[in-house]
């Protein structure tokens, strides 16, 4: 599961769509009231296709009326790296809902899935854009989006890849652990140095073992017996070749009965 989480993003608006379909008000209300991530979590799909894996998941859903009186559906999503990469290239920046009517015989409409697309059918959806915000202290916004809505700030430690994409890691609950003192840091440093010394000692032992093995090989090579063997290697090879010919050359034999008609063989 992705540790990233956006604030509320508009994913659908009540009314006619641009391709002459309709998003009903009751759909919006049902999806906003019935969605439960633990009951059935909706995945995020590129252009509604399942061929290339998901782009994240929908963590929470709500609905509310806009100033124009139209009901709007909002969602908090957890994008994964597929969506982040696509978004950095300006792709998959709008939303398209996948409503399921009469969910499990309940008579209610449920948000079964959500797509990211460049061709949204619904009007008024939030244009998704991830970006980095410089804070006075090391920390992150959940996601920066092109809307007037505010989003939460979290003071959490950075990691290199999250720093690159301008995203925050999973929000951890505050703890009451004391900040390490100077003595604690020195003790930790001393322990780390001790571990390094241990590893260096093990490496030195391995190097010594290899050195001793090489010395043994050199001792054998420098003996008169090895020199004689090397000088006679040609004779050894020649004798082995003669032996090979003697063993592998078989006497000529004629199969079948002598003086009778030639026996014919058939495949069975």
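Numbering (the working numbering), first residue to last: 49 to 316. Glycine residues also receive a C-beta, built at the ideal position from the N, C-alpha and C atoms.
Paired residues, beta bridge with residue i - DSSP
| i | result |
| --- | --- |
| residue 126 | 105 |
| residue 144 | 163 |
| residue 61 | 120 |
| residue 93 | 163 |
| residue 113 | 119 |
| residue 266 | Answer by DSSP bridge pairing: none, since residue 266 is not bridged. |
| residue 158 | 148 |
| residue 70 | 64 |
Start and end residues, alpha helix (DSSP H) containing residue i
| i | result |
| --- | --- |
| residue 56 | Taken as a continuous stretch (DSSP letters only), residue 56 belongs to no alpha helix (DSSP H), as it is neither H nor E. |
| residue 82 | 73 to 82 |
| residue 279 | 272 to 279 |
Neighbourhood of residue i by C-beta distance below 8 Å, restricted to the same chain and skipping five residues each side
| i | result |
| --- | --- |
| residue 56 | 110, 122, 123, 124, 197 |
| residue 113 | 119, 120 |
| residue 267 | none |
| residue 117 | none |
| residue 139 | 166 |
Same chain, Cβ closer than 6 Å to residue i, five either side skipped, listed in chain order
| i | result |
| --- | --- |
| residue 89 | 105 |
| residue 84 | none |
| residue 151 | 158 |
| residue 35 | Because the chain spans 49 through 316 in this model, residue 35 falls outside it and cannot be assessed. |
| residue 240 | none |
Sub-8 Å separation of residue i and residue j beta-carbons
| i | j | result |
| --- | --- | --- |
| residue 86 | residue 103 | no |
| residue 76 | residue 143 | no |
| residue 78 | residue 165 | no |
| residue 62 | residue 71 | yes |
| residue 93 | residue 153 | no |
| residue 69 | residue 119 | no |
| residue 146 | residue 163 | yes |
| residue 130 | residue 177 | no |
| residue 141 | residue 175 | yes |
| residue 107 | residue 126 | yes |
| residue 171 | residue 66 | yes |
Residue i CB to nearest heavy atom of the ligand GDP below 7 Å
| i | result |
| --- | --- |
| residue 68 | The ligand GDP is not part of this structure, which contains no ligands at all. |
Neighbourhood of residue i by C-beta distance below 7 Å, restricted to the same chain and skipping five residues each side
| i | result |
| --- | --- |
| residue 318 | The structure shown has nothing for residue 318, since the chain only spans 49 to 316. |
| residue 149 | 157 |
| residue 238 | none |
| residue 100 | 94 |
| residue 91 | 102, 105, 161 |
Closer than 8 Å to chain C by CB, residue i
| i | result |
| --- | --- |
| residue 123 | The structure shown contains no chain C, having only a single protein chain. |
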